[in-house]
Amino acid sequence: MEWLSEFGAIAAMQGFNGLSVFCVLLLMALGLAIIFGQMGVINMAHGEFLTIGAYTTYVVSVLTEQYAPFFGPYYFFLAIVLSFFIAGAIGWLAEWAMISKLYQRPLDTLLATWGLSLVMQQAFRSIFGAREVSATLPEWLMGSWNPTEAIDIPRNGLFVMGLTVLMTGMIFLMLYRSRWGLQVRATVQNRVMSRAVGINTKKVDRMTFALGCGVAGVAGAAFTTIGSTGPTAGSLYIVDTFLVVVFGGASSLLGTIASAFSIAQAQSLMEFFMSGSMAKVFTLSAVILILMLRPQGLFSIKVRK
Amino acid sequence: MFQISNLASGYGQSQILHDLNLNVAKREIVAVMGRNGMGKTTLFKSLMGVLPQWGGQISVDGCDISKLETHQRVESGIAYVPQGRMIFPSMTVLENIQTGLPASAKGKVPDDLYALFPVLQEMRHRKGGNLSGGQQQQLAIARALATNPKVLLLDEPTEGIQPSIIKDIARTLKEIRNLRDLTIVVSEQVLSFTMEIADRFLVIEKGKFVVEETRDKVDEATISRYLSV
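Respectively, the protein sequence lines represent chains A and B. For the first sequence, our numbering begins at 8 and goes up steadily by one. For the second sequence, our numbering begins at 420 and goes up steadily by one.
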């Protein structure tokens, strides 16, 4: 019976690992699902907004250690909120200065935001240095949780999972239950007509872009619990993020969730049997194959045109 | 009540509308008739601010709106039902109507709107894109009315709609006018439809109004001469 419980423990930990990857992917993709999926803006600088969140967390952590060590266990919550607002504010500025001029030229936004991402990376390098930094994690985020002797579940993974569920729920509510969400969806479908029913589309666009960037900032804050932060940390995520959104079918939030889940599970399952890079090759090939058969992505809304 | 003076507009280099003047009274229904390419849609688009206005003035209830952006014009009391209806296809009927509601309505559709279009209440959870042409037209009108307008602009509302529904739409428009003291400007190519509802007839040709008749003096033959190709 010994081998059975051991197998069960491995299965549980491996399953959790898959879920953890899923949450990370989903958290990254949520912001882009709003910006690319809803607005259709190809934002190559999305990864850098993640990095902003990560650096914000790092700065808050350093400041807490220096000036308010008693606040240490709780600083992380403040860091998350700050990350959201700082990344959101910078996103707001970027939309105002750049992207609002380019809605008629989607391919030019690709180039412009790529330029923005280079500028931001260099700015990080100049301000924080090229070396990777990491925030000091509070005690309660370290170590792991052991429901039985053999099962070992990391606490930071659990935390990221909780945060992902919370953020997804909030975005769902905002997009499908609020007036802002209604206006976003209307603007996406027909910008001119939305104006003609009285929607201030410029304001909606700016809010939407800022919110997407803010969500990316929260994701960045969450990632400081998993890895360290460097100037190019965000650009490592950008491919995966686009992959998740495109595979899920743009403009479908449910599709984004489903695609993050399937990519993450496939990845972590295969990693168990082969090397990480081989697993990646197989996942990517499968995604490409499915996208060739279904170019509109996993989920797409069917209506008469 | 709704005044247009010396309105000029066009696309790029080519001017389409030449110094249009129109004065519509409260509760009046005015029909703008004309063949394709004579400037009907251009007129409506420049009234809404969708097309940039080259010159002239538009005012609603004494309030100049010609400098305003489209969404501000809607706030000042004009509503627009475009040619081809342009509803939001992947949103439900209810959500389509809600896009027009002002923030103060808190997303609640007024009962009299559903009373005018009972079919929309029945289908409120269906996707707008899955409605028939006539139902979409009703939805587009309901969405425009949700903004609580003083002036309603309809661009070829009968296009691609079966005759029995056209009769319904004519009846509804008159009913709305009486209920809400609405001013209506409608562009049309179908004379029978406008004969049923309009108080005054204008014919637009090459961006100018060439005929203007009130209902009691109108001569069907004259107008239909301008409409035939």
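Note that the Cβ used here is the ideal one computed from N, Cα and C, for glycine as well.
Under the 8 Å Cβ criterion, the segment 581-595 of chain B does not count as touching the segment 420-436 of chain B, having fewer than three qualifying pairs. Not flagged as an interface residue toward chain A: B/ALA561, since no C-beta distance is shorter than 8 Å. When secondary structure is reduced to three states using DSSP, A/THR194 falls in the helix class. The count of Cβ pairs closer than 8 Å, one atom from the segment 617-631 of chain B and one from the segment 563-570 of chain B, stays below three, leaving the stretches out of contact.
Considering only A/GLY22, A/SER12, A/PHE14, the residue with the shortest C-alpha distance to A/SER275 is A/GLY22.
For A/GLY241, the nearest beta carbon of chain B is not closer than 8 Å to its own beta carbon. Taking the CA atoms as reference points, A/VAL288 sits about 29 Å from A/GLY219.
Using a 10 angstroms sphere on the CB of A/LYS210, the tally of other CB atoms stays under 16, which defines it as exposed.
A/ASN50 sits buried, since 16 or more C-beta atoms from the chains shown fall within 10 Å of its C-beta. Relative to the Cα of B/LEU426, the nearest Cα in the group B/GLY553, B/GLN608, B/ASP574, B/GLY458 belongs to B/GLY458. For B/GLN422, the uninterrupted beta strand (DSSP E) run begins and ends at 421-430, by DSSP.
Residues of the segment 515-527 of chain B that bring their beta carbon within less than 9 Å of a beta carbon in chain A comprise ASN515, GLN517, THR518, GLY519, LEU520, PRO521, ALA522, LYS525, GLY526, in sequence order. Apart from the 5 residues on each side of it in sequence, A/PHE91 sits with its Cβ closer than 7 Å to the Cβ of GLY221, GLY224, VAL225 in its chain, given in chain order.
The Cβ atoms of A/SER141 and A/THR236 lie closer than 8 Å to each other. Close CB contacts of B/LEU558 within its chain, under the 8 Å cut and outside five residues either way in sequence, are with ARG504, ILE506, VAL512, ASN515, ILE516, PHE536, LEU539, GLY547, LEU550 (chain order). For the segment 206-220 of chain A, the beta-carbon criterion of a distance under 8 Å to any beta-carbon of chain B is satisfied by ILE206, ASN207, THR208.
DSSP lists B/GLY429 as the beta-bridge partner residues of B/GLN434. Partner residues in a beta bridge of A/GLN274, as assigned by DSSP, do not exist.
Residue nearest to A/ILE264 within the set A/ALA228, A/ASN197, A/GLY176, A/GLY227 is A/GLY176 (criterion: CA-CA distance).
Using a Cβ-Cβ cut-off of 8 Å, B/HIS490 counts as an interface residue toward chain A, since at least one Cβ of chain A sits closer than that to its own. One alpha carbon belongs to A/MET277, the other to B/ASP530, and they sit about 57 Å apart.
Under the Cβ criterion of 8 Å, B/THR566 is counted among the residues facing chain A. Here B/MET467 really is in contact with A/ALA203; their C-beta atoms are around 5 Å apart, less than 8 Å. The Cβ-Cβ distance between A/GLY227 and A/GLY60 falls below 8 Å. With a threshold of 8 Å between beta carbons, B/PHE536 makes no contact with chain A. Within chain A, GLY205 have C-beta atoms less than 9 Å from the C-beta of B/GLU494, given in sequence order. In the displayed model, B/VAL500 falls within a strand according to three-state DSSP. Residues are counted here when their Cβ sits less than 7 Å from a Cβ of chain A; for the segment 460-471 of chain B these are MET467, VAL469, given in chain order. In the structure shown, the three-state DSSP call for B/LYS527 is coil. Chain order gives the chain A residues near B/TYR499 as MET200, ALA203, VAL204, where near means a beta carbon separation below 9 Å. DSSP places A/PHE131 in the uninterrupted alpha helix (DSSP H) bounded by 113-135. Neighbourhood of B/MET505 in chain A, by CB distance below 7 Å: ASN197, MET200, in chain order. Counting only residues of its own chain and dropping the five nearest sequence neighbours on each side, A/ALA193 has a CB closer than 7 Å to the CB of SER201, ILE206. If you check the CB distance, B/ASP587 and B/ILE448 do not come in under 8 Å. Annotated as distal: A/ILE295 and A/PHE216, with beta-carbon spacing of 8 Å or more. Minimum Cα-Cα distance from B/LEU573 among the listed residues B/LYS527, B/ALA450, B/ASN442, B/VAL500 corresponds to B/VAL500.
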